[in-house]
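Novice: Following my numbering, the numbering of the sequence shown begins with -15 at its first residue and continues without gaps.
Mind looking over this structure? Questions follow.
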Amino acid sequence: MASKELPFTREELEKIAASYNTPFHLYDEKGIRSFARAFKEAFSWNEGFVEYYAIKAAPNPYLMKILRQEGFGIDCSSLAELELAGRLGMRGDEIMFTSNDTPANEFVKARELGAIINLDDISHIGYLEKHAGIPETLCFRYNPGSLKEGNLIIGHPEEAKFGLTRDQMFEAYRIAREKGAVRFGIHTMVASNELDPDYFVETAEILFRMIHEISQKLGIRIEFANLGGGIGIPYHPAQQPVDLGRMSRGIRKAYDEIIVANHLEPLRLNFESGRAVTGPFGYLISRVIHVKDTYKKFAGLDASMANLMRPALYGAYHHITVMGKEEEKPLCRYDITGSLCENNDKFAIDRLLPVITPGDLLVIHDAGAHGHAMGFNYNGKLKSAELLLRENGEVVMIRRAETLDDYFSTIDFEGLETFYV
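Shown next, in the form of structure tokens:
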């Protein structure tokens, strides 16, 4: 049976589960730091390179503090994410604010923190000016349309809600300069969970050519280029991770051929990866509570799609390990389910696994991004705890599980007593 490595044994995990009720999300600090350093090393040739961690992937300040120690910035897209950055003491160029359909109060908060504001639409220039003022530095999100193919999660760029058209980009920089902006960046992101390193090289080439044209037509210097996120992870054991070295070499070649060869000013490169940074190093730990045998076999967990909705949302594959049975032959096909009143509340369908019995601990892999973050409370399900496996082997709780008091805290029960009396 194809397998994935784990940073803990069954015995170690049982000890953790004895202290913290399942289900819970568990993150591996050593793995996160190791990837962060490899990412930075791959782009060490570019002076000023910064990866802005897409905090929407795992919005926990403990994880962001680890990444900030590794030299990462933060990519925010909402008021709460900006607030998280502020509470960590992050300011100015440490923060990239990339949002869409943005409310005024979020622009105000971004300006308060001195964040780099990345605008998603040309009409947002006037909206930003009206509500928060035009900052010294502005960035615009480029949607290359049919020049670039998208992939399953984001879709075709020309059908996506994100970014400015090619013609709008030139007009946006002209307007921004007239309104007082003096420093400029450019951004694009046209794919999600992409495993082909050449895809990112092609994206960089498109962005570098746009930078050259902006320089020629407007005389504007672009100081930084945010190549977006979208770096995929090998959810399936048969897949391979993105070769960062190959990707970096390809981007450097394009940089030399377009930026350097045309005598443009040095360009700082950025990414805003989230999934690749924490995704492979997070696990949803759950215990089997029922095994049902009707028209097919079902293994029911104490977790549900409220803890990890990716499989139900778009059929995403997440590998599953039955702890203590890693060496056993996969003899049975199971639907691995939760208890929501929805038939798509399944982590796997017809998955071939060792024989499962109630009480087994299951590890659902690659849940460190868009896992806990996408949790919800349908059926009154409570969000689980988040734990961190430190490099020294210690386990600490970095977010407690929700309680019933949390769930009902936004309802005025005192008012209920006089309601329709």
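We put the CB at the ideal spot given by N, CA and C, even for glycine.
Please read all numbers here as calculations on a predicted model, not as lab measurements.
Please list, in chain order, all residues of the same chain as P295 whose beta carbon is under 8 Å from its beta carbon, the five residues on each side excluded.
Specialist: Counting from 1 along the sequence shown, the entry for residue 295 is found at position 311. If we look at P295 and ignore the five residues flanking it on each side, its Cβ neighbours are M289, Y301, H302, K330, F331, A332.
Novice: What's the call for K49, buried or exposed, on a 16-neighbour Cβ count within 10 Å?
Specialist: The residue you call residue 49 lines up with position 65 of the sequence shown. Label assigned to K49: exposed.
Novice: Between which two residues does the alpha helix (DSSP H) containing I100 stretch?
Specialist: Taking the sequence shown and counting its residues from 1, one reaches residue 100 at position 116. Here I100 belongs to no alpha helix (DSSP H); instead the beta strand (DSSP E) covers 100 to 103.
Novice: Rounding to the nearest angstrom, what Cα-Cα distance links K201 and P119 in this structure?
Specialist: For the purposes of this step, residue 201 is identified with residue 217 of the sequence shown, where counting begins at 1. For the purposes of this step, residue 119 is identified with residue 135 of the sequence shown, where counting begins at 1. The straight-line gap from Cα to Cα measures roughly 23 Å.
Novice: Start and end of the alpha helix (DSSP H) containing V275?
Specialist: As a working mapping, residue 275 is identified with position 291 in the sequence shown. The continuous stretches of alpha helix (DSSP H) do not include V275, which lies in the beta strand (DSSP E) extending over residues 266 to 277.
Novice: In this structure, how does DSSP classify K49 when only helix, strand and coil are distinguished?
Specialist: Position 65 of the sequence shown, counting from 1, holds the residue named residue 49. Three-state DSSP puts K49 in a helix.
Novice: I170 and I195: beta carbons closer than 8 Å?
Specialist: Counting from one through the sequence shown, the residue named residue 170 turns up at place 186. Counting from one through the sequence shown, the residue named residue 195 turns up at place 211. A contact, by the Cβ cut-off of 8 Å.
Novice: Taking A116 as the reference, which of R95, R21, S107 has the closest Cα?
Specialist: Numbered from its first residue, the sequence shown carries residue 116 at position 132. Residue nearest to A116 within the set R95, R21, S107 is R95 (criterion: CA-CA distance).
Novice: For E13, which residues of its own chain have a beta-carbon under 7 Å away from its beta-carbon, when the five flanking residues on both sides are left out?
Specialist: As a working note, residue 13 is residue 29 in the sequence shown. I50, L372, L373, R374, E375, listed in sequence order.
Novice: Sort out for me which residues DSSP pairs M410 with in a bridge.
Specialist: Lying before the first or after the last residue shown, residue 410 is absent from the chain, which here runs from -15 to 405.
Novice: For P225 and G322, what's the separation of their Cα atoms in angstroms?
Specialist: As a first step, residue 225 is located in the sequence shown; it is residue number 241 there, counting from the start. As a first step, residue 322 is located in the sequence shown; it is residue number 338 there, counting from the start. Whole-angstrom Cα-Cα distance: 29 Å.
Novice: Quick one: any contact between the segment 60 to 79 and the segment 107 to 116, if contact means 3 or more CB pairs under 8 Å?
Specialist: Using a Cβ-Cβ distance cut-off of 8 Å, the segment 60 to 79 and the segment 107 to 116 are not in contact, since fewer than three pairs of beta carbons, one from each stretch, lie closer than that value.
Novice: Secondary structure at K40, three-state DSSP: helix, strand or coil?
Specialist: For the purposes of this step, residue 40 is taken as the residue at position 56 of the sequence shown. If DSSP states are grouped into helix, strand and coil, K40 belongs with the helices.
Novice: What residue range does the beta strand (DSSP E) around Y318 cover?
Specialist: In the sequence shown, residue 318 corresponds to position 334, counting from 1. 316 to 321 is the span of the beta strand (DSSP E), which, as asked, contains Y318.
Novice: Taking the C-alpha atoms as reference points, what is the distance between L112 and L72?
Specialist: Indexing the sequence shown from 1 puts residue 112 at position 128. Indexing the sequence shown from 1 puts residue 72 at position 88. So the two alpha carbons sit approximately 25 Å from each other.
Novice: Which value, in whole angstroms, describes the spacing of the CA atoms of H247 and E207?
Specialist: Counted from its first residue, the sequence shown places residue 247 at position 263. Counted from its first residue, the sequence shown places residue 207 at position 223. Their backbone Cα atoms lie some 14 Å apart in a straight line.
Novice: Which term fits R21, buried or exposed, when burial requires 16 or more other beta carbons within 10 angstroms of its beta carbon?
Specialist: Position 37 of the sequence shown, counted from the first residue, corresponds to residue 21. With fewer than 16 Cβ atoms within 10 Å of its Cβ, R21 is classed as exposed.
Novice: Taking the beta carbon of E162 as the centre, do at least 16 other beta carbons fall within 10 Å, making it buried, or is it exposed?
Specialist: In the sequence shown, the residue the question calls residue 162 occupies position 178. So E162 counts as exposed.
Novice: Between E398 and F392, what straight-line distance do the alpha-carbon atoms span, to the nearest angstrom?
Specialist: For this step, residue 398 is matched to residue 414 along the sequence shown. For this step, residue 392 is matched to residue 408 along the sequence shown. Distance between the alpha carbons of E398 and F392: 12 Å.
Novice: Name the DSSP bridge partner or partners of D59?
Specialist: Along the sequence shown, read from residue 1 onward, the residue named residue 59 stands at position 75. Secondary-structure assignment with DSSP links D59 through a beta bridge to A38, M80.
Novice: Along the beta strand (DSSP E) that carries T121, what are the first and last residues, could you check?
Specialist: Numbered from 1 along the sequence shown, position 137 holds the residue referred to as residue 121. 121 to 125 is the extent of the beta strand (DSSP E) around T121.
Novice: Straight-line CA distance for P181 to D277?
Specialist: As a working note, residue 181 is residue 197 in the sequence shown. As a working note, residue 277 is residue 293 in the sequence shown. One C-alpha to the other measures close to 44 Å.
Novice: Given a cut-off of 8 Å on the beta-carbon distance, is the pair P314 and S(-13) in contact?
Specialist: For the purposes of this step, residue 314 is taken as the residue at position 330 of the sequence shown. For the purposes of this step, residue -13 is taken as the residue at position 3 of the sequence shown. No. Outside cutoff.
Novice: Using 8 Å as the threshold, is the C-beta distance between I273 and D286 below it?
Specialist: In the sequence shown, the residue the question calls residue 273 occupies position 289. In the sequence shown, the residue the question calls residue 286 occupies position 302. Against a cut-off of 8 Å, the Cβ pair of D286 and I273 comes out as a contact.
Novice: Is it the case that the CB of F392 approaches a heavy atom of the ligand ATP more closely than 7 Å?
Specialist: This structure lacks the ligand ATP, and indeed carries no ligand of any kind.
Novice: Indicate the three-state DSSP secondary structure (helix, strand or coil) for D390 in the structure shown.
Specialist: One-based indexing of the sequence shown puts residue 390 at position 406. Assigned with DSSP and collapsed to three states, D390 falls in helix.
Novice: Quick one: what's got a C-beta closer than 7 Å to F81's C-beta in the same chain, skipping five residues either side?
Specialist: Locating residue 81 in the sequence shown gives position 97, counting from the first residue. Beyond the five residues adjoining it in sequence on each side, F81 comes within less than 7 Å, by CB distance, of C60, L66, A94, A99, I100, I101, N102 in the same chain, given in chain order.
Novice: Who pairs with I170 in a beta bridge, going by DSSP?
Specialist: Taking the sequence shown and counting its residues from 1, one reaches residue 170 at position 186. Answer by DSSP bridge pairing, in chain order: F124, A209.
Novice: Indicate the three-state DSSP secondary structure (helix, strand or coil) for A64 in the structure shown.
Specialist: Start at 1 with the first residue of the sequence shown, and residue 64 comes out as number 80. Here A64 sits in helix by DSSP.
Novice: Can you tell me whether P338 is buried or exposed? The criterion is at least 16 other CB atoms within 10 Å of its CB, across all chains shown.
Specialist: Taking the first residue of the sequence shown as 1, we reach residue 338 at position 354. Its Cβ being crowded by 16 or more others within 10 Å, P338 is buried.
Novice: Just to confirm, are Y318 and K281 a CB contact at a threshold of 8 Å?
Specialist: Walking along the sequence shown from the start, residue 318 turns up at place 334. Walking along the sequence shown from the start, residue 281 turns up at place 297. Yes, the pair counts as a contact, with Cβ atoms nearer than the cut-off.
Novice: Could you tell me whether the Cβ atoms of G263 and A38 are closer together than 8 Å?
Specialist: Indexing the sequence shown from 1 puts residue 263 at position 279. Indexing the sequence shown from 1 puts residue 38 at position 54. 8 Å or more divides the Cβ of G263 from the Cβ of A38.
Novice: Beta-carbon within less than 6 Å of F360's beta-carbon, same chain only, minus the 5 sequence neighbours each way: which residues are those?
Specialist: Here residue 360 is taken as the residue at index 376 of the sequence shown, counted from 1. Excluding residues within five positions, the ones whose Cβ falls inside 6 Å are A290.
Novice: Does D182 come out as helix, strand or coil in the three-state DSSP assignment?
Specialist: In the sequence shown, the residue the question calls residue 182 occupies position 198. Correct three-state label for D182: helix.
Novice: For K132 and V174, I'd like the C-alpha separation in whole angstroms.
Specialist: Walking along the sequence shown from the start, residue 132 turns up at place 148. Walking along the sequence shown from the start, residue 174 turns up at place 190. Only weak support exists for where K132 lies, its pLDDT of 48 falling under 50; the coordinates are left without a value.
Novice: In angstroms, rounded to a whole number, what distance separates the CA positions of N254 and Y36?
Specialist: Within the sequence shown, the letter at position 270 stands for residue 254. Within the sequence shown, the letter at position 52 stands for residue 36. Approximately 7 Å, taken between the alpha carbons.
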